[in-house]
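Quick notes on the structure that follows.
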């Protein structure tokens, strides 16, 4: 009798434990289901917002890209039209040359007047500037710093220095590598074209990397500091124009 009672008590405790575990498991499942529903609800509300934001940003990016593309097309179209106009002018000038109606001349610029010398045009500016400023000024006026690439051009520039009593910047420099002289378009200056004054170039002081002409009585070449202020000579190619 006593053993039966003990067995009953053990079975009761076992059933109570199983029931409690089932209850705990059921609560865990219920909480997980609640969490899943909450996440699903948040997801359903959040994703449309994310999708709307992404669509808005994408549309903005595409609009900006389209505007940039259209602007570049307009710029290219303008450049093409300008080139076509220039080509037509050249073609017309060539026709006029063939017919004997063309004359070699210098372009008109706002900064002054070019003077025709052979196949080139030259302009001497007596406003002192650094070599870099002079180079930029010449470019803005449809030219470049003078390049005496031949004996005749060099003699012409030297004579102008003599007549005007001045020295001028011309388009040579050795700023890339000391002692290696280049024209301002990057072409090397051949040694046969160089006309250095005695003792030049000497890279005196803190460095002299830009080319001037008109040194001493012979009006030869001299290296000078590029930041030195000096008058300058511009050069551009002569063009055929209508009479």
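Numbering (mature numbering (1 follows the signal peptide of the UniProt record, and there is no 0)), first residue to last: -21 to -1, 1 to 222.
We put the beta carbon where it would ideally sit given N, CA and C, even for glycine.
* Identify the residues that DSSP records as bridge partners of residue 202: which are they? -> Stepping through the chain shown from its first residue, residue 202 is reached at position 223. Answer by DSSP bridge pairing, in chain order: 190.
* **Integer-rounded CB distance, given that residue 84 should sit under 8 Å from residue 218** => The residue given as residue 218 occupies position 239 in the chain shown. The residue given as residue 84 occupies position 105 in the chain shown. That belief holds up - the Cβ atoms of residue 218 and residue 84 are roughly 7 Å apart, short of 8 Å.
* For residue 183, three-class secondary structure by DSSP -> As a position in the chain shown, residue 183 is number 204, starting the count at 1. Correct three-state label for residue 183: coil.
* Asked: CB residue 63 to CB residue 211, shorter than 7 Å?
  -> Along the chain shown, read from residue 1 onward, the residue named residue 63 stands at position 84. Along the chain shown, read from residue 1 onward, the residue named residue 211 stands at position 232. No, Cβ-Cβ distance for residue 63 and residue 211 is not below 7 Å.
* Asked: What are the start and end residues of each continuous beta strand (DSSP E) run of 3 or more residues lying completely inside the region 81 to 162, in chain order?
  -> 81 to 84, 94 to 96, 99 to 108, 147 to 152
* Counting along the chain, where does the beta strand (DSSP E) carrying residue 216 start and finish? -> Sequence index remark: in the chain shown, residue 216 carries index 237 (1-based). Note, residue 216: beta strand (DSSP E), 209 to 216.
* **Neighbourhood of residue -4 by C-beta distance below 7 Å, restricted to the same chain and skipping five residues each side** => As a working mapping, residue -4 is identified with position 18 in the chain shown. With a pLDDT of only 49 at residue -4, under 50, the local geometry of the prediction cannot be trusted, and the value read off the model is given with reservation. Same-chain partners within the cutoff: there are none.
* So what's residue 11 in DSSP terms, helix, strand or just coil? -> What you label residue 11 is simply residue 32 of the chain shown in a count that begins at 1. Three-state result, residue 11: helix.
* Could you check the C-alpha separation between residue 186 and residue 65 for me, to the nearest Å? => Residue 186 sits at position 207 when you count from the first residue of the chain shown. Residue 65 sits at position 86 when you count from the first residue of the chain shown. The straight-line gap from Cα to Cα measures roughly 43 Å.
* To do: From the DSSP output, in three-state form, read off residue 196 for me.
  => Within the chain shown, numbered from 1, the residue matching residue 196 stands at position 217. In the structure shown, residue 196 sits in coil (DSSP, three-state: anything other than H, G, I, E or B).
* Quick one: using the 10 Å Cβ neighbour count with 16 as the cut-off for buried, is residue 180 buried or exposed? => Counted from its first residue, the chain shown places residue 180 at position 201. Looking at its Cβ environment, which holds 16 or more other Cβ atoms inside 10 Å, residue 180 is buried.
* Asked: Should residue 129 go down as buried or exposed, given a rule of 16 or more other Cβ atoms within 10 Å for buried?
  -> The residue you call residue 129 lines up with position 150 of the chain shown. With fewer than 16 other Cβ atoms within 10 Å, it is exposed.
* Asked: By DSSP, does residue 27 sit in helix, in strand, or in coil?
  -> Against the chain shown, residue 27 aligns to sequence position 48. Looking at residue 27 - three-state DSSP - the assignment turns out to be helix.
* Below 8 Å, can you find three or more Cβ-Cβ pairs linking the region 96 to 110 to the region 195 to 213? -> yes
* Nearest residue (CA-CA) to residue 134, options 156, 121, 173 -> Here residue 134 is taken as the residue at index 155 of the chain shown, counted from 1. Of the listed residues, the one whose Cα sits closest to residue 134 is 173.
* Can you tell me the Cα-Cα spacing of residue 216 and residue 126, whole angstroms? -> In the chain shown, counting from the first residue as 1, residue 216 sits at position 237. In the chain shown, counting from the first residue as 1, residue 126 sits at position 147. Roughly 11 Å between the two C-alpha positions.
* Asked: What do you get for residue 41, buried or exposed, if any count of 16 or more other CB atoms within 10 angstroms of its CB means buried?
  -> By one-based count along the chain shown, residue 41 stands at place 62. With fewer than 16 Cβ atoms within 10 Å of its Cβ, residue 41 is classed as exposed.
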